[in-house]
Amino acid sequence: MSTTITIEDINVKIKNQILLNNAKIEIKKNEVTILLGNNGAGKTTLSKYIVDSLYLNKNIHCSLLSKQFKLFENIKVIDKIYFFNNMRKTPINKDSINKILISWDFLDLKFEKMCSLSGGQKQIMKLILIEIIDSDFIILDEPSIYLSEKMVKKLLEKINKWKINKWILLISHNKEINKIGDSVFLFENKKITKINANN
Numbered sequence: 001m002s003t004t005i006t007i008e009d010i011n012v013k014i015k016n017q018i019l020l021n022n023a024k025i026e027i028k029k030n031e032v033t034i035l036l037g038n039n040g041a042g043k044t045t046l047s048k049y050i051v052d053s054l055y056l057n058k059n060i061h062c063s064l065l066s067k068q069f070k071l072f073e074n075i076k077v078i079d080k081i082y083f084f085n086n087m088r089k090t091p092i093n094k095d096s097i098n099k100i101l102i103s104w105d106f107l108d109l110k111f112e113k114m115c116s117l118s119g120g121q122k123q124i125m126k127l128i129l130i131e132i133i134d135s136d137f138i139i140l141d142e143p144s145i146y147l148s149e150k151m152v153k154k155l156l157e158k159i160n161k162w163k164i165n166k167w168i169l170l171i172s173h174n175k176e177i178n179k180i181g182d183s184v185f186l187f188e189n190k191k192i193t194k195i196n197a198n199n
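So the sequence shown is numbered by UniProt numbering: it starts at 1 and just counts up by one.
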């Protein structure tokens, strides 16, 4: 498979409103691709379109972190992790799971129920699940929401590791997060345009 994934002829609309018309985006392996756009432009809708398109047309399984990523409140952290671990082609062992939890400062919370977690902890939990399932293509829609400055720094470190041999599409308004982008696309006026990564 090519190291560049091109998704063309993107036509997205909600009800009668056209969000994208014959748009195109290229996402390169081993890089972080940033997608910028105003609130309400339809970036989250586009991310779901990309997930479906990759699976249907290229048979690529994609992990999507978004606000719609729900955590069942009465399930323990560790049970949710085991569930996602079993979705991997090759599940990892308990020691590897604990190493991931330690890297996120989350080991002490593994027997807690989701309902007891704060907003920031729930966001970290979602990121842990993204790391556990280890998909080849990862879409992160506003991944730094609710995170402390310390955890945003940790997230940046993680993304730089995750991009090795993977495709990463990052949707964020956080300027610090966007600094790690290798290529940047702007979503406006029903089009997707590549812009200078240093803008």
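Beta carbons: idealized from backbone N, C-alpha and C, even for Gly.
All figures in this text were calculated on a predicted structure; none of them were measured in a lab.
| query | result |
| --- | --- |
| Segment contact flag, the segment 167 to 174 with the segment 138 to 153, C-beta cutoff 8 Å, min 3 pairs | yes |
| Alpha-carbon to alpha-carbon, SER183 and SER135 | 21 Å |
| Residue from VAL152, ILE75, ASN57, GLY40 with nearest C-alpha to ILE14 | GLY40 |
| Ordered list of alpha helix (DSSP H) runs contained in the segment 64 to 120, each at least 4 residues | 77 to 85, 94 to 103 |
| Where GLY119 falls, given that 16 or more other Cβ within 10 Å makes a residue buried | exposed |
| Contacting residues, own chain, Cβ-Cβ under 7 Å from ALA100 (five flanking each side not counted) | As written in the sequence, residue 100 is Ile, which differs from the Ala given in the question. Counting only Cβ-Cβ distances below 7 Å, and skipping sequence neighbours, we find ILE128, GLU131, ILE132. |
| With 16 other Cβ atoms within 10 Å as the buried cut-off, status of ILE164 | exposed |
| Euclidean distance between Cα positions of PHE69 and LYS126 | 8 Å |
| Cβ contact (3+ pairs, closer than 8 Å) linking the segment 18 to 25 and the segment 181 to 196 | yes |
| Cα-Cα separation between LEU46 and VAL12, rounded to whole angstroms | 7 Å |
| Opening and closing residue of the beta strand (DSSP E) in which residue 200 lies | This structure cannot speak to residue 200, because the chain is shown only from 1 to 199. |
| Cβ distance (whole Å) where ILE92 is taken to contact ASN85 below 8 Å | 6 Å |
| Nearest-angstrom Cβ-Cβ length linking ILE7 and SER53, presumed shorter than 8 Å | 6 Å |
| Whole-number beta carbon distance between GLN121 and LEU109, since they are thought to touch under 8 Å | 7 Å |
| Neighbour-count burial assignment, LYS43, 16 or more Cβ in a 10 Å radius | buried |
| Pick from ILE5, LYS29, ASN38 that is closest to ASN59, judged by C-alpha positions | ILE5 |
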